[in-house]
Amino acid sequence: MTYRETPNFDRVRFPITPEHLESPRGYLCRIAACFGYPTPRWITELAGFQRADDLEDPEKVEQLARALRLAPHQWRPFAYLKISEGTRFKRRQFFGQMIAANRLNYSSPRVCPACLQERAVWWGIWDVALVTVCPGHRCELIATCPTCRNQLRWDRPGVETCRCGFDLRQIESPEARPELVAVNAAIYRNAGFPVGIGHF
-2 MTYRETPNFD RVRFPITPEH LESPRGYLCR IAACFGYPTP RWITELAGFQ
48 RADDLEDPEK VEQLARALRL APHQWRPFAY LKISEGTRFK RRQFFGQMIA
98 ANRLNYSSPR VCPACLQERA VWWGIWDVAL VTVCPGHRCE LIATCPTCRN
148 QLRWDRPGVE TCRCGFDLRQ IESPEARPEL VAVNAAIYRN AGFPVGIGHF
């Protein structure tokens, strides 16, 4: 498929079920790779979204669900939807819990290369700003591509692929200090994620 400014269709070809505890932006990244789209922004364009922030808009759930060929109840539970508090949106839905919006890390997504070797899934727990370690593999999460030296972005060609084309599964992540492993394991458990999430 060659790149155009705007896709010439309005829905993905067939539905792909989200993985339990998968990051919503990671899901879009995975779907884009599955269909050979150059970026997951193609999918947000299908839904008529102008900004990535539209992904968290509760009023736009049906638009994106339609573009993904999902029922709204399939997308809504794992999208980080804004929680209205008067005129502000200081909190987000996070897998059945509420989390402060500033606790989510959108600007510099991170991955565990060892998890990606097992399954090309971007787990939602990696979107939590405090999470810096994979306690299952006892290694640091990676936020920068070693080839192009740029920070990872959510709108890359695949969960396991940097925008420059480098395969992130090839990275040997530094071993994490035991105290950081323990702290991150506690965060995983408190957020309802198995410590060895990449293993199942």
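According to my numbering, the stretch in the sequence shown is residues -2 to 197, in order. Glycine included, every Cβ here is placed at the ideal spot set by N, Cα and C. Only a predicted model underlies this, so the values are computations on that prediction, with no experimental measurement involved.
Cβ-based burial, residue i [other Cβ within 10 Å; buried from 16]
i    : result
Q41  : A small fix is needed here, since residue 41 is Thr in this sequence, not Gln. Buried, by the Cβ-count rule.
L78  : buried
S81  : exposed
T158 : buried
P143 : exposed
N127 : The sequence as given places Leu at residue 127; Asn does not occur at that position. Exposed, since its Cβ has fewer than 16 Cβ neighbours within 10 Å.
T14  : exposed
R48  : exposed
P175 : exposed
R66  : exposed
F6   : exposed
C109 : buried
G23  : buried
P37  : buried
Three-state class that DSSP yields for residue i in the structure shown
i     : result
R116  : coil
C31   : helix
M(-2) : The predicted model places M(-2) with a pLDDT of 38, which falls under 50 and marks its position as unreliable, so this point remains unresolved.
C136  : strand
R88   : strand
A97   : strand
V130  : strand
E172  : strand
F197  : Note on F197: pLDDT 42, under 50, position unreliable in the model; the coordinate value appears next. Here F197 sits in coil by DSSP.
Opposing strand residues paired with residue i [DSSP bridges]
i    : result
D164 : T158
F6   : Answer is none; F6 lacks a bridge partner.
I184 : In the DSSP output, where bridge partners are listed per residue, I184 has none listed.
V108 : I139
V125 : L101
E16  : Answer is none; E16 lacks a bridge partner.
The ligand FAD heavy atom lying under 8 Å from the CB of residue i
i    : result
G189 : The ligand FAD is absent from the structure shown, which contains no ligands of any kind.
Alpha helix (DSSP H) runs contained entirely in the stretch 38 to 81, provided each spans 4 or more residues:
38 to 43, 58 to 65 and 69 to 72
Looking at C-beta atoms only, is the number of pairs between the stretch 52 to 71 and the stretch 151 to 159 that lie closer than 8 Å three or more?
no
Would you be able to state if there are at least three C-beta pairs under 8 Å between the stretch 171 to 183 and the stretch 122 to 134?
yes
At least 3 beta-carbon pairs within less than 8 Å: the stretch 55 to 66 vs the stretch 156 to 176:
no
Would you call the stretch 84 to 100 and the stretch 23 to 37 in contact, with 3 or more CB pairs under 8 Å?
no
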